[in-house]
Amino acid sequence: MATQMKKQVLLIEDDAALRLSLAQTLDLEGIDVIPTAHFVQARRALRANFAGVVLTDIRMPDKDGFDILELAQSIDSELPVVMLTGEGDVPLAIRAMREGAYDFLEKPCDTSHLIEVLNRAMSHRALVLRNRRMEQRLRRSDPAIVNFPGESPASRELRDNLRLVAETERHVMLTGAQGVGRKLAAHTI
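Numbering (the working numbering), first residue to last: 12 to 200.
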């Protein structure tokens with residue numbers, strides 16, 4: 012039975028009334044909202060395992076939405092960031108998309124369209140996190156990775172060779188100096 016991912020949005024909006032309005036709108040849709048007013052608060056909330064998405068205003072004092080986008084991407088390059096602005100223009104939209112925003116919306120934004128975009132972004136995030144969990148489980152269940160960890164080219168080649176030999180029906184003889192891992196390699200095969 013698959014577990015339903017909690018719908019969560021980190022909302023960064025410096026206008027208190029608009030922040031409250033957006034938070035209430037999202038709450039009515041069953042979305043948990045972490046309302047923040049600026050970059051520093053957002054930085055405290057963002058982590059690599061953040062299960063939600065980011066909805067940020069672009070124009071804010073001090074650090075703007077592009078700083079939020081850069082922060083989010085430095086934490087997790089696959090974290091969706093939806094950008095909102097009241098001063099939308101084509102160059103700004105192009106910049107946002109070029110720099111990796113998930114979507115770009117103009118204020119005031121139709122509520123149903125905002126919810127649709129956020130739901131799509133949350134589905135994307137859930138898929139990314141699910142794939143990561145599956146990859147971790149596969150890595151933990153792969154004897155070659157468990158017994159011979161490491162990211163060097165030699166480690167990867169050894170693991171590939173062990174997997175290749177394990178798939179054959181031939182007898183193999185492992186050679187090497189004492190202590191290099193012959194028994195562990197045989198066990199892995």
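Where is the CB? At the ideal position from N, CA and C, for every residue including glycine.
Inter-residue CB distance, Leu129 and Leu66 (contact presumed, cutoff 8 Å): 7 Å
Rounded C-alpha distance that separates Arg216 from Ala155: This structure leaves residue 216 out entirely; the chain is present only between 12 and 200.
Complete runs of the alpha helix (DSSP H) confined to the stretch 56 to 90 [at least 4 residues]: 76 to 86
Candidates Arg106, Leu95, Val139 and Ile126, of which the one nearest Lys118 by Cα: Leu95
Cβ pair count under 8 Å reaching 3, the stretch 106 to 117 against the stretch 72 to 90: yes
Ile23 - partner residues in DSSP beta bridges: Thr47 and Thr67
Selected residue, minimal CA-CA separation from Asp25, among His49, Ser32 and Val92: His49
Range covered by the beta strand (DSSP E) that runs through Thr186: First-last for Thr186: undefined, no H or E at that position.
Where Val93 falls: helix, strand or coil (DSSP): strand
Beta-carbon spacing of Val64, Arg136 below 7 Å: yes
Inter-residue Cα distance where the pair is Asp68 and Gly192: 55 Å
Boundaries of the alpha helix (DSSP H) in which Asp171 is found, first to last residue: Pro164 to Ala177
His182 Cβ short of 6 Å to the ligand GDP heavy atom set: The model on display carries no ligand, and the ligand GDP is accordingly not part of it.
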